[in-house]
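Asker:
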Amino acid sequence: MEDKIELFKQLVNESNKIVFFGGAGVSTESGIPDFRSKDGLYNQQYKYPPEEILSHTFFLNNTDEFYKFYKDKMNSLKYEPNITHIKLAELENKGKLKAVITQNIDGLHQKAGSKIVYELHGSVLRNYCMKCNNFYDAEYVFNSEGIPKCECGGIIKPDVVLYEEGLDNNTIASSIFAIQNADMLIIAGTSLTVQPAASLIHYFRGNHLVLINRDSTPYDYKADLIINESLGKVFESI
Ligand SMILES: [Zn+2]
Numbered sequence: 001m002e003d004k005i006e007l008f009k010q011l012v013n014e015s016n017k018i019v020f021f022g023g024a025g026v027s028t029e030s031g032i033p034d035f036r037s038k039d040g041l042y043n044q045q046y047k048y049p050p051e052e053i054l055s056h057t058f059f060l061n062n063t064d065e066f067y068k069f070y071k072d073k074m075n076s077l078k079y080e081p082n083i084t085h086i087k088l089a090e091l092e093n094k095g096k097l098k099a100v101i102t103q104n105i106d107g108l109h110q111k112a113g114s115k116i117v118y119e120l121h122g123s124v125l126r127n128y129c130m131k132c133n134n135f136y137d138a139e140y141v142f143n144s145e146g147i148p149k150c151e152c153g154g155i156i157k158p159d160v161v162l163y164e165e166g167l168d169n170n171t172i173a174s175s176i177f178a179i180q181n182a183d184m185l186i187i188a189g190t191s192l193t194v195q196p197a198a199s200l201i202h203y204f205r206g207n208h209l210v211l212i213n214r215d216s217t218p219y220d221y222k223a224d225l226i227i228n229e230s231l232g233k234v235f236e237s238i
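Number 110 in the working numbering belongs to position 110 of the sequence shown; there are no gaps in the numbering.
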């Protein structure tokens, strides 16, 4: 394992157009639970599975119940970036990293100082009135009583991609462009099973593809380096 981390360090050193693609595993080390992992925790407390609550239909039909779950489980304001977020922001600052692409919605990359962050599934930091499109920040939504409402009376909806909703085309296009122009692609904390996010990997034509994940992924065969280790342990070394 030490050899692998040493090699990772070397690849980072010799690369200047790094793109990082991260999943839930990046944030779990900050203490944010992965709502896709079925640990039974949610099911005990809520009448519906998280996939149902976090769907477009459920939001429209059970807005009150949606927001109970959302405020209880998706409030990332109380969490802090971990060493991986911080190191990535440093790499960007040094000009070595060109973009972070993330499946997370918690805004922790920005909190750590990253500037170019493509959020495939949206962000809790952005919220808009469904009637007049007025912007509201995460504090407003998470601190509201019941269903957060705009001053015009409209219901506020988080700019988070719910189940049944499509991804934002501009975010996908920017992510593809970044990956196509990268010399090193680091994919971390994701099992690469969620589409279409996982298929972005096919656009990479650079030198080094590194996968960092606790378990194996369907794309291990494409990787130059596979590290099955905690992300924090890998990133604290660089
Ligand atoms: Zn409004």
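C-beta atoms are modelled at their ideal positions from N, C-alpha and C, and glycine is treated no differently.
1) Between which residues of its own chain and residue 207 is the CB-CB distance below 6 Å, once the five residues before and five after are set aside?
2) For residue 158, which three-state DSSP category applies?
3) Could you have a look at residue 67 and say whether DSSP puts it in helix, strand or coil?
4) Name the two residues that bound the continuous beta strand (DSSP E) containing residue 101.
5) Quick one, are the C-beta atoms of residue 87 and residue 235 less than 7 Å apart?
6) What do you get for residue 74, buried or exposed, if any count of 16 or more other CB atoms within 10 angstroms of its CB means buried?
7) Under a Cβ-count criterion, where at least 16 other Cβ atoms within 10 Å of its own Cβ denotes burial, should residue 55 be classed as buried or exposed?
8) Looking at C-alpha atoms only, which residue of 77, 128, 145 and 96 is the closest neighbour of residue 27?
9) Pull up the distance between the alpha-carbon of residue 40 and that of residue 101, whole angstroms please.
10) By how many angstroms is the C-alpha of residue 143 removed from the C-alpha of residue 189?
11) Once DSSP output is grouped into helix, strand and coil, what is the label at residue 47?
Answerer: Put simply:
1) Position 207 of the sequence shown holds residue 207. If we look at residue 207 and ignore the five residues flanking it on each side, its Cβ neighbours are 183.
2) Counting from one through the sequence shown, the residue named residue 158 turns up at place 158. Residue 158: strand per DSSP, three-state reduction.
3) If you number the sequence shown from 1, residue 67 lands on position 67. Residue 67 falls in the helix class under three-state DSSP.
4) Here residue 101 refers to the residue found at position 101 when the sequence shown is read from its first residue. That run of the beta strand (DSSP E) goes 97–102.
5) Taking the first residue of the sequence shown as 1, we reach residue 87 at position 87. Taking the first residue of the sequence shown as 1, we reach residue 235 at position 235. Yes.
6) On the sequence shown, residue 74 is found 74 positions in, with the first residue counted as 1. Label assigned to residue 74: buried.
7) Locating residue 55 in the sequence shown gives position 55, counting from the first residue. Buried, by the Cβ-count rule.
8) Translated into positions along the sequence shown, residue 27 becomes position 27. Comparing Cα-Cα distances from residue 27 to each of 77, 128, 145 and 96, the minimum goes to 77.
9) Locating residue 40 in the sequence shown gives position 40, counting from the first residue. Locating residue 101 in the sequence shown gives position 101, counting from the first residue. In this prediction, residue 40 scores a pLDDT of 43, lower than 50, which makes its location untrustworthy; no coordinate-derived value is stated.
10) On the sequence shown, position 189 is the one that residue 189 refers to. On the sequence shown, position 143 is the one that residue 143 refers to. Looking at the two C-alpha atoms, the distance is approximately 30 Å.
11) Counted from its first residue, the sequence shown places residue 47 at position 47. Coil.
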